[in-house]
Every structure is written in structure tokens, then in C-alpha cells.
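Input: a single structure, listed below in C-alpha cells.
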Amino acid sequence: MSQRRPKHERVLVVDDDASLAEMLTIVLEGEGFRTAVCHTGDAVMAAFEEFKPDVVLLDRMLPGLDGMEVCRQIRDVSGVPIVMLTAKGETRDIVDGLEVGADDYLTKPFRNSELIARIRARLRRRDPLGGRIEFGDIVLDPQGHTVTRDGRPVSLTPLEFDLLACLISAPEQVFSREVLLQKVWGYHHPGDTKLVNVHMTRLRQKIEDEAENPQVIRTVRGIGYQAIDPASR
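Numbering (full-length UniProt numbering), first residue to last: 1 to 233.
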């Protein structure tokens, strides 16, 4: 049986809709989270530095700097998980947010239970993998939460790190999207396979020299992913 998560993690709520932001804080605080609220994109970075959140709940459309630019700015200075709120369920809106650095998304309107599930999933800690893993020219250190390639640091978000760790810890196994969602994201919601596709693309861009010549991760028949040791080619 899994242990109950410690509470009081900090969530920065960024939304220009004051009533929605208030509702979000009530729901989150009712689950034991600490919250801070920001209503304009221009004020987010100052609030981020002062509050030091464990996760950011970020609306895509904001006055001042929009959510996309805010997401880029946060990602430039921190790997803190970002859950982007979108007013539409269109794939393009969701993918745009993921491509600029968001880890997850919520489409309005949403159930409170889904909000909490996604926040907890982003704060979820994977089981320790033990010592460092050397795989081809990649070295992954679970304790230090770092990745290097040919001795050079690779900057990964926590979610990208967990995805890479999951893949290279079982290099001969092909993971379906559903299995990856459950193992790495901590839940499986209909339509979330786009999360795997976007994060997989972003991870490959960071750890492969050439997208046309994958050296660590490749798709398999469009339904799963497999880590490949370049030495075995």
C-alpha cells in the first residue's frame, strides 16, 4: 500500500478570472496545499520568486504577458512542474502549451477531482532507481537528478527525467503509451496520449544528435517506445 503523500506543497495559481482563481484556491487548500494567486502575466515571475511554488497552475490566456510567454520564462529558470489551463480542448492549443515547457494541461471546465489528480501526479515522486545508469553515451544519476551525454549536462524537466529513467531502466521493453502514462504520469485519462507524443518529441530533441538518426529512443510501430543502446546497432 502506498504511503499518503505529505501535504502543504505550494501551488501558484495564475488566472485573470478572480472567481475561478478563488475557487481553485479553495479546492487546493481543502486538499492541504498552500496557495498563492497571481492575476496578470506581468506579475508572475515576481510571485514565482517570492512564493517558490512546487507546481504552477497557469492559465494560457492572461493580460500582459500571455501564458505561453510566462511558461517560457519559468522554464528558463526552473524545472518546476507547470500545469497549463486551456479554455479549449483543441489539440493545437494543448500541444502549443506543452511545446513551450508545460508538463501537463487541464481543459476548462474540469472536475475538481481531475484538478487534484493532475496536481498530485505532477508532484509524484518516482521510486528510487538506485545508483547511476550508464546507457550508451547517456549517464543518468537518479540521486542527483541529473543527466549527461558525452560528459555534457542535458537540461530536462522533472517529467522528462522520469520518462527517460523509465525507458532506459528497461531497455529491452517496449512500452505502450498507456503504460507510460500510468508509470510516469501516475494516471491515465482519455486523450492524454498526446502528452506522451509531445514529451517524447521534446525529450528526443534534447538527447539525440540528429532527429533522423535516433540513438537512444525510437518509436515502434507507432504504439510504443523503446530505449536502444547505440553499441548494439
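Note that CB positions come from ideal geometry on N, CA and C, so glycine has one too.
* Could you tell me which uninterrupted beta strand (DSSP E) segments, each at least 3 residues in length, are contained entirely in the stretch 116-174, listed from first to last along the chain? => 133-135, 138-141, 146-149
* Distance between isoleucine 168 and valine 179 (C-alpha atoms, nearest Å) -> 15 Å
* Asked: Is DSSP giving arginine 204 helix, strand or coil here?
  -> helix
* Asked: Should the stretch 34-53 be called in touch with the stretch 82-92, which here means at least 3 C-beta pairs below 8 Å?
  -> Counting Cβ pairs under 8 Å, fewer than three are found: no touch.
* Asked: Just reading off the alpha helix (DSSP H) that valine 70 is part of, what are its end residues?
  -> 67-77
* Asked: With a Cβ-Cβ cutoff of 7 Å, do residue 291 and valine 184 count as a contact?
  -> No information on residue 291 is available, as it lies outside the stretch 1 to 233 that the chain covers here.
* To do: Look at the Cβ atom of histidine 39, then the Cβ atom of aspartate 16, and state whether they are nearer than 7 Å.
  => yes
* To do: Name the one or two DSSP bridge partners that threonine 86 has.
  => Thr107
* Touch test, the stretch 27-38 against the stretch 108-123, Cβ-Cβ under 8 Å, three pairs minimum -> yes
* Asked: How about residue 236 and leucine 159: do their beta carbons lie closer than 7 Å?
  -> Because the chain is modelled from 1 through 233, residue 236 falls outside the range shown and cannot be assessed.
* **Those residues which DSSP pairs with valine 55 across a bridge** => Val11
* Asked: Among Pro171, Phe51, Val196, Gly101, which has the Cα closest to the Cα of arginine 177?
  -> Val196
* Residue span of the beta strand (DSSP E) that contains threonine 40, given as start and end -> Element bounds for threonine 40: n/a, residue is neither H nor E.
* Asked: Ordered along the chain, which non-local residues of its own chain (more than five positions away) have a Cβ less than 8 Å from that of lysine 52?
  -> Arg10
* To do: Could you tell me whether the Cβ atoms of valine 13 and leucine 98 are closer together than 7 Å?
  => no
* Pick from Arg124, Met61, Arg149, Gly131: whose alpha carbon is nearest that of residue 244? -> Residue 244 cannot be examined here, being either before or after the span of the chain that is shown, 1 to 233.
* Asked: Who are the Cβ neighbours of cysteine 166 in its own chain at under 6 Å, not counting the five residues just before and after it?
  -> Non-local beta-carbon contacts of cysteine 166 in its own chain, meaning distances under 6 Å to residues more than five positions away in sequence, involve Lys183, Val184 in chain order.
* Asked: Taking phenylalanine 33 as the reference, which of Glu49, Asp54, Ala21 has the closest Cα?
  -> Asp54
* Using DSSP with H/G/I as helix, E/B as strand and the rest coil, what is arginine 92? -> helix
* Asked: Any idea which residues DSSP pairs arginine 34 with across the strands?
  -> Arg10
* Output the distance between the C-alpha atoms of glutamate 22 and glutamate 50, rounded to the nearest integer angstrom. => 20 Å
* Report the rounded CA-to-CA distance for arginine 202 versus valine 154, giving the unit in angstroms. => Cα to Cα, the separation comes out at about 12 Å.
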